[in-house]
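Engineer: Read in order, the letters of the sequence shown are residues 6 to 366 in my numbering.
What follows is a single structure, and I will ask about it in a moment.
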Amino acid sequence: MDLSHLIVALLALVVGVAVGVILARVASTRLGSPGDAAPAPDALAGPVNALLAPLRQTLDALGHEFAVAERSRVAAFAGLREQIGTVARTSEALRAETATLRSAMKSSTVRGRWGELQLERVVELAGLSRHCDFSTQYGATVGEARVRPDLVVHLAGGRNLAVDAKVPLDAYLQLLEAPPSEHAALLSDHARRFRSHVVQLSGKRYWEAVGSPELVVMFVPAEAFLDAALQADPDLLEFALDRNVVLATPTTLVAMLRAVALAWRQHALGEDAGRIQALGRELNERFDILNNHFSVLGSALGRTVEAFNATVGSYNARVGVTARRLSDLASMPDGAREEPLELTLTPRTVPTGSDSRFSQP
């Protein structure tokens with residue numbers, strides 16, 4: 006019984022008690038006055054109505070509240086039903102998409118392409134650029150065999166690092182649909198397939214084909230795939246490293262490739278420093294040549310000043326004296342002739358060799 010039913014029952018009980026009290030009073034009055042006539046029903050209506058008026062108002066208010074609550078409940082139930090329908094439709098769509106994805110992942114071609122896309126996304130997330138810092142579908146030759154790693158990361162110094170993304174996932178996908186009783190066997194099969202793929206990658210010897218350090222990266226596109234294999238085979242990592250194969254999930258591969266990107270930046274800074282040093286050496290040599298030209302020009306200017314001063318001395322000592330004598334004898338007017346003066350300026354010397362501020366130590 007909810008609260009509303011309890012309130013109605015209590016009100017009904019109160020009304021019954023009130024009517025009983027009134028009828029008892031009427032009966033007692035009738036017994037106390039045998040000669041009196043029984044009161045008319047209209048005489049009883051007044052006291053009963055007066056007693057029941059507050060109860061009637063309370064019942065009306067309670068009925069109004071019940072109606073409002075019922076409308077709210079109906080609206081809330083309708084909204085809840087709509088939300089449940091939306092959740093059901095979304096769940097059905099998600100189930101269909103999951104089934105489609107699971108069906109697609111059963112195809113080795115689709116699964117391989119998905120792994121390659123995951124690998125490229127991880128490499129770009131690490132800050133490397135396509136065709137500059139890494140290449141996809143890089144073809145190379147080992148002896149007479151043709152190999153094609155999924156991705157080759159170009160390391161600073163002309164080295165390369167091969168990455169393979171063809172991880173076996175058939176047993177793991179079967180595990181997702183199998184009953185719990187088959188999980189242990191499928192986990193062991195999943196780990197066994199990982200070991201077989203490690204041996205296969207080690208035998209391809211990618212490092213000889215791409216000029217890389219003596220290792221190859223086996224990219225596992227999700228942490229759960231490697232965790233499941235390690236549950237059944239805890240020695241899998243050591244087994245792979247002994248065969249020059251590094252098992253890398255997206256997290257570990259991003260950390261590895263960011264170190265590669267940092268090495269590239271350091272390499273670029275070193276190349277810039279070398280170019281700056283070469284330009285500084287070239288600029289210093291050209292300053293030395295220019296200083297020599299200035300020295301030759303200064304010497305030429307000095308000889309020019311000496312020749313000018315010799316000419317002025319000859320003019321003052323010979324030509325000027327004769328001109329003044331001729332002017333005096335011919336009674337020629339003495340013009341305001343200014344005699345040239347000797348130059349006392351000498352060109353400054355330019356430092357050369359070890360005296361130049363741009364010379365090398």
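Using N, Cα and C, we set each Cβ at its ideal position, and we do this for glycine too.
Please read these numbers as outputs of a predicted model, since none were measured by experiment.
For Asn249, which of helix, strand or coil comes out of DSSP?
Structural biologist: Of the three classes helix, strand and coil, the one that applies to Asn249 here is coil, per DSSP.
Engineer: Mapping the DSSP letters down to three states, classify Leu169 as helix, strand or coil.
Structural biologist: Note on identity: in this sequence residue 169 is Asp, with Leu being the wrong assignment. Residue state, collapsed to three classes: strand.
Engineer: Rounded to a whole number of angstroms, what is the C-alpha to C-alpha distance between Val157 and Ala83?
Structural biologist: Their Cα atoms are separated by approximately 59 Å.
Engineer: Relative to the C-alpha of His159, which residue among Pro185, Gly132, Leu178 is closest?
Structural biologist: Here the closest residue by C-alpha is Gly132.
Engineer: Going by Cα to Cα distance, which pick from Glu125, Tyr211, Asp247 is closest to Pro255?
Structural biologist: The shortest C-alpha separation from Pro255 is found at Glu125.
Engineer: For Ala234, which residues in the same chain have their Cβ closer than 7 Å to its Cβ, ignoring the five residues on either side in sequence?
Structural biologist: Around Ala234: His195, Ala196, Phe199, Leu241.
Engineer: On the criterion of 16 or more Cβ atoms from any shown chain inside 10 Å, does Thr349 qualify as buried, or is it exposed?
Structural biologist: Thr349 comes out exposed.
Engineer: Should Asp138 go down as buried or exposed, given a rule of 16 or more other Cβ atoms within 10 Å for buried?
Structural biologist: Asp138 should be labelled buried.
Engineer: Please check the pair Thr351 and Gly307, which I expect to be a contact at CB under 8 Å, by giving their CB distance rounded to whole angstroms.
Structural biologist: About 6 Å; that satisfies the 8 Å criterion.
Engineer: Arg353 to Ala328, Cα distance in whole Å?
Structural biologist: Rounded to whole angstroms, Arg353 to Ala328 spans 37 Å at the Cα level.
Engineer: Who pairs with Met223 in a beta bridge, going by DSSP?
Structural biologist: Bridge partners of Met223: Asp169, Leu252.
Engineer: Please confirm if the stretch 262–280 is in contact with the stretch 213–220, defined as three or more CB-CB distances below 8 Å between the two stretches.
Structural biologist: With a cut-off of 8 Å, the stretch 213–220 and the stretch 262–280 do not count as touching, because too few Cβ pairs lie within range.
Engineer: Looking at C-alpha atoms only, which residue of Lys209, Leu181, Leu284 is the closest neighbour of Arg151?
Structural biologist: Ranking Lys209, Leu181, Leu284 by Cα distance to Arg151 puts Lys209 first.
Engineer: If I follow the unbroken beta strand (DSSP E) through Thr141, where does it start and stop?
Structural biologist: Counting along the chain, the beta strand (DSSP E) containing Thr141 begins and ends at 139–141.
Engineer: Contact defined as beta carbons within less than 8 Å: I believe Phe244 pairs with Val203. What is the distance between those atoms, to the nearest angstrom?
Structural biologist: The Cβ separation is near 7 Å, so the contact holds.
Engineer: Let me know the beta strand (DSSP E) ranges lying completely inside the stretch 234–322, each 3 residues or longer, listed in chain order.
Structural biologist: DSSP runs (the beta strand (DSSP E)) wholly in the stretch 234–322: 250–253.
Engineer: With DSSP collapsed to three states, give me the class of Leu156.
Structural biologist: Here Leu156 sits in strand by DSSP.
Engineer: CB Phe224 to CB Asp277, shorter than 8 Å?
Structural biologist: Against a cut-off of 8 Å, the Cβ pair of Asp277 and Phe224 comes out as no contact.
Engineer: Under the three-state reduction of DSSP, which class applies to Gly216: helix, strand or coil?
Structural biologist: In the structure shown, Gly216 sits in coil (DSSP, three-state: anything other than H, G, I, E or B).
Engineer: In angstroms with no decimal places, state the Cα-to-Cα distance between Arg362 and Thr309.
Structural biologist: Because the pLDDT of Arg362 is 49, which lies under 50, any placement of that residue in the model is unreliable, and the question is left without a value.
Engineer: Roughly how far, in whole angstroms, is the beta-carbon of Leu262 from the beta-carbon of Val172, given that I think they are within contact range, below 8 Å?
Structural biologist: Incorrect: roughly 18 Å between the Cβ atoms, too far for contact.
Engineer: When you compare each of Thr141, Gln123, Asp175 to Val259 by their alpha carbons, which one comes out closest?
Structural biologist: Nearest C-alpha to Val259: Gln123.
Engineer: What's the C-alpha gap between Phe71 and Leu85?
Structural biologist: Phe71 and Leu85: Cα-Cα distance of roughly 20 Å.
Engineer: Are the Cβ atoms of Val221 and Ala167 separated by less than 8 Å?
Structural biologist: Contact flag set, yes.
Engineer: For Glu228, I'd like the list of residues in its chain whose CB is within less than 8 Å of its CB, leaving aside the five on either flank, ordered along the chain.
Structural biologist: Counting only Cβ-Cβ distances below 8 Å, and skipping sequence neighbours, we find Thr254, Pro255, Thr256.
Engineer: Decide if Glu121 is buried, meaning its Cβ has at least 16 other Cβ atoms within 10 Å, or exposed.
Structural biologist: Glu121 is buried by the Cβ-count criterion.
Engineer: Judging by CA-CA distance, which residue of Ala58, Ala161, Ala80, Ala66 is the nearest neighbour of Leu274?
Structural biologist: Leu274 has its Cα closest to that of Ala161, out of Ala58, Ala161, Ala80, Ala66.
Engineer: Would you tell me roughly how many angstroms separate the C-alpha atoms of Gly68 and Val79, rounded to the nearest one?
Structural biologist: In a straight line, the C-alpha of Gly68 is about 16 Å away from that of Val79.
Engineer: Please classify Gly325: does DSSP put it in a helix, a strand, or coil?
Structural biologist: Note: Gly325 maps to helix in three-state DSSP.
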